[in-house]
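Novice: Dumping the structure here so I can ask a few things about it.
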Amino acid sequence: MDTVFIEGLEVDTVIGAYDWERSIRQCLRLDLQLGWDNRPAAAGDDLTQALDYASVSQRIQAFATESQFLLVETFAERLAALLMAEFNIPWLRLKLHKPGAVPAASSVGVEIERGCR
């Protein structure tokens, strides 16, 4: 299985359990590894056979704009399920950073892996 990756994608969303977090948008940074067979796209130099990382990135941005979750865990799970369903991705690893959530840390967050490689 090949991997298409997106690193450092920044999205703004409503995220957090504290009252003050519910009234602002915060930046999340995402790193994704997406399982894909690149051979069909490469064989015919055919974008329609590729996992279009621009389209995936745009969908993630739209998802973040629409979302209002308390937990980064929920954001990660729902996003993973959406991407796998809409883009027919068999496997993914998603690392979600919430910079600034813990002042002494450069970032905190979650990393999940879903599907079969």
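Number 18 in the numbering used here belongs to position 18 of the sequence shown; there are no gaps in the numbering.
Cβ coordinates follow ideal geometry from the N, Cα and C atoms, glycine included.
If you drop the 5 nearest sequence neighbours on each side, which residues of the same chain put their C-beta closer than 7 Å to that of residue 108?
Specialist: Closer than 7 Å at Cβ, skipping near neighbours: 98, 101 and 102.
Novice: Quick one: residues in its chain with C-beta nearer than 8 Å to the C-beta of residue 115, no 5 flanking neighbours on either side, listed in chain order?
Specialist: Only 35, 84, 89, 90, 91 and 92 meet the Cβ criterion.
Novice: Short of 8 Å in beta carbon distance, which residues of its chain neighbour residue 57, apart from the five on each side in sequence? Order them along the chain.
Specialist: Within the same chain, residue 57 has close Cβ partners 6 and 9.
Novice: Please check the pair residue 117 and residue 86, which I expect to be a contact at CB under 8 Å, by giving their CB distance rounded to whole angstroms.
Specialist: Not a contact, Cβ separation roughly 20 Å.
Novice: Excluding sequence positions up to five away, which residues of its chain have a Cβ less than 6 Å from the Cβ of residue 52?
Specialist: Closer than 6 Å at Cβ, skipping near neighbours: no residue.
Novice: Which parts of the stretch 39 to 102 are runs of the beta strand (DSSP E), unbroken and 3 residues or longer, counting only runs that do not cross its ends?
Specialist: Listed in chain order, the complete beta strand (DSSP E) runs (minimum 3 residues) inside the stretch 39 to 102 are 91 to 97.
Novice: How many Å lie between residue 27 and residue 4 at the Cα?
Specialist: Taking the straight line joining both Cα atoms gives about 23 Å.
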